[in-house]
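Chains as they are written, first to last, in this note's numbering: chain A, -13 to 270; chain B, 272 to 429.
This is how it looks when you write it as structure tokens:
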């Protein structure tokens, strides 16, 4: 039986933060799109007293300020996917968004919800890492921001405070980027492994990130350090990809063996870097 | 806990429902309170698309939506889909192509496709429509006939 709870729908950010700050920790869960949360609420192990809906907060926004893209935390993923400028300037983000569920799911699922729930198999977190996205939080002590890499703590664990909410996610600059994943059934499965790759035009450095394996999506700093040029040659690329595959704490589970996952990481990384090199050369 | 009444427009008709618990899924409201059994429960976890309905014209998984989250909205279920020219055209295309075997997934496919056409317009390509129907599963694997129905849709407003 699903838990019985009270749905609270605060009309303002202040009211939402105040609501979160009342009661014992664990009494309240935050609902954005609900596509991940509602699945959990069918479990008897998850029994909040209150569920706090963000639907009346003014956070269904998408704003460009020069190179900086700010996505409100409750904007449905479908709206992000349908934005031409996002598609042009953040191709890897678009690919990652389209890897999430089907269209009816993406009409409700949100970037803020995906971040807050911090699933190890999230299709969005690797690309947020590769794009150096920042999480804007609001809470009883005001606003603060954290890089996604510091926001993510572990499987289903983040650095968010007990009365804080994710207001928006900021992407500092457009980057040539790519997101690639491997699944048993392409349209209906969780990724066995996924990689996000981006190259910053301002500092010339590569960002490599991996997802689909516990505990959390992660950057691959050793492999990044091996890539120096804008279009790495075969040997350089192979060395970086193999280093990434060796360094990862990969375990086998029912979705893939350890050996297969290591093979996939290297293969997908090589492919993604080549894609990004080619798109940067193509003058996108 | 006394939940406030839930107000919905269901297939064009205004409804006010009392006593809907805050934790109730839209799917259960549709099937068990409104008695509209055309909306199907498949996986109840967002993987199959069988429970797809339109909320204010936008395709939505009713299994992963709390009923009170769409308070005030206009719902279209399979029972009301043919009241609208887009819905009528899609159901006719499915019928002509014989795009169903057991039929359990059909309401979800029809509503998802109607939603896409409302978003994208009639000029959307067959490939694009099929790609964006990938969230709907047919366990009979009757996909070829469904693809034929999509391919046979008119390319401008009927």
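Each residue gets a CB set at the ideal place from its N, CA and C atoms; glycine is no exception.
Since residue 194 of chain A and residue 217 of chain A should fall inside the 8 Å C-beta cutoff, what is the C-beta to C-beta distance between them, to a whole number of angstroms?
With 8 Å as the limit, residue 194 of chain A and residue 217 of chain A do not qualify as a contact, their Cβ atoms being about 15 Å apart.
Residue 32 of chain A and residue 151 of chain A - do their beta-carbons sit closer together than 8 Å?
no
Pick from B:296, B:338, B:365, B:361: whose alpha carbon is nearest that of residue 387 of chain B?
B:361
Answer with yes or no whether the minimum CB distance from residue -7 of chain A to chain B is below 8 Å.
yes
Check whether chain A comes within 8 Å of residue 331 of chain B, counting only Cβ atoms and requiring the distance to be less than that.
yes
Below 7 Å on C-beta distance, what does residue 377 of chain B contact in chain A?
Here the premise fails: no neighbours, minimum Cβ distance about 15 Å.
Excluding five sequence neighbours on each side, which residues of the same chain lie with their C-beta closer than 8 Å to the C-beta of residue 309 of chain B?
348, 349, 350, 378, listed in sequence order.
Chain-order list of residues whose beta-carbon lies under 6 Å from that of residue 375 of chain B (same chain, five-residue window excluded):
311
Under 6 Å Cβ to Cβ from residue 328 of chain B, same chain only, skipping five residues before and after it: list those, please.
389
Might you give, ordered along the chain, the residues of its own chain that have their beta carbon closer than 7 Å to the beta carbon of residue 289 of chain B, omitting 5 neighbours on each side?
So the list reads 276, once near-sequence residues are dropped.
How should residue 364 of chain B be labelled, buried or exposed, when 16 other C-beta atoms within 10 angstroms of its C-beta is the threshold for buried?
buried
Beta carbon of residue 144 of chain A nearer than 8 Å to that of residue 105 of chain A
In this structure, residue 105 of chain A does not lie closer than 8 Å to residue 144 of chain A by Cβ.
Please check if any C-beta of chain A sits within less than 8 Å of the C-beta of residue 292 of chain B.
yes
Give me the chain A residues within the contact set of residue 383 of chain B, using Cβ-Cβ distance strictly less than 7 Å, ordered along the chain.
Among the residues of chain A, those whose CB is under 7 Å from the CB of residue 383 of chain B are 89, 90, following chain order.
Quick one: which residues of the segment 397 to 412 of chain B get their C-beta closer than 7 Å to a C-beta of chain A? List them in chain order.
403, 405, 406, 407, 408
Can you find the residues in the same chain that come closer than 7 Å, C-beta to C-beta, to residue 298 of chain B, ignoring five residues on each side of it along the sequence?
310, 312, 322, 333, 334
Below 8 Å on C-beta distance, what does residue 369 of chain B contact in chain A?
Chain A residues near residue 369 of chain B: none, gap ~23 Å exceeds 8 Å.
What residues from the segment 20 to 33 of chain A come within 8 Å of chain B, judged by C-beta to C-beta, listed N to C?
20, 21, 24, 25, 27, 28
Locate the alpha helix (DSSP H) running through residue 82 of chain A, then write down its first and last residues.
Where residue 82 of chain A is concerned, the enclosing alpha helix (DSSP H) starts and stops at 77 to 84.
Is there a Cβ of chain A sitting closer than 8 Å to that of residue 277 of chain B, yes or no?
no
Boundaries of the beta strand (DSSP E) in which residue 285 of chain B is found, first to last residue:
284 to 288
Thinking C-alpha only, which one of A:113, A:-3, A:26 is nearest residue 142 of chain A?
A:26
Measuring alpha carbon to alpha carbon, tell me which residue in A:188, A:130, A:228, A:235 is nearest residue 197 of chain A.
A:235
Three or more beta-carbon pairs under 8 Å between the segment 85 to 93 of chain A and the segment 394 to 410 of chain B, yes or no?
The segment 85 to 93 of chain A is in contact with the segment 394 to 410 of chain B.
Going along the chain, which residues of the segment 335 to 363 of chain B sit with their C-beta nearer than 7 Å to a C-beta in chain A?
Within the segment 335 to 363 of chain B, those residues whose Cβ lies closer than 7 Å to any Cβ of chain A are, in chain order, 335, 336, 337, 339, 340.
Kindly indicate which residue of A:254, A:247, A:201, A:199 has the alpha-carbon position closest to the one of residue 226 of chain A.
A:254
Tell me which residues share the same chain as residue 228 of chain A and place their Cβ nearer than 8 Å to its Cβ, disregarding the 5 neighbours each side in the sequence.
252
Using the Cα positions of residue 258 of chain A and residue 202 of chain A, report the straight-line distance between them to the nearest angstrom.
20 Å
Under three-state DSSP, which class holds residue 279 of chain B?
strand
Does residue 36 of chain A come out as helix, strand or coil in the three-state DSSP assignment?
strand
So which residues of chain A does residue 387 of chain B contact, with C-beta pairs closer than 8 Å?
89
How about residue 177 of chain A and residue 107 of chain A: are their beta carbons less than 8 Å apart?
yes
Quick one, are the C-beta atoms of residue 154 of chain A and residue 58 of chain A less than 8 Å apart?
yes
I want to verify the contact list: residues of chain A whose CB lies under 7 Å from the CB of residue 318 of chain B, in sequence order.
174
Terminal residues of the continuous alpha helix (DSSP H) containing residue 92 of chain A?
89 to 92
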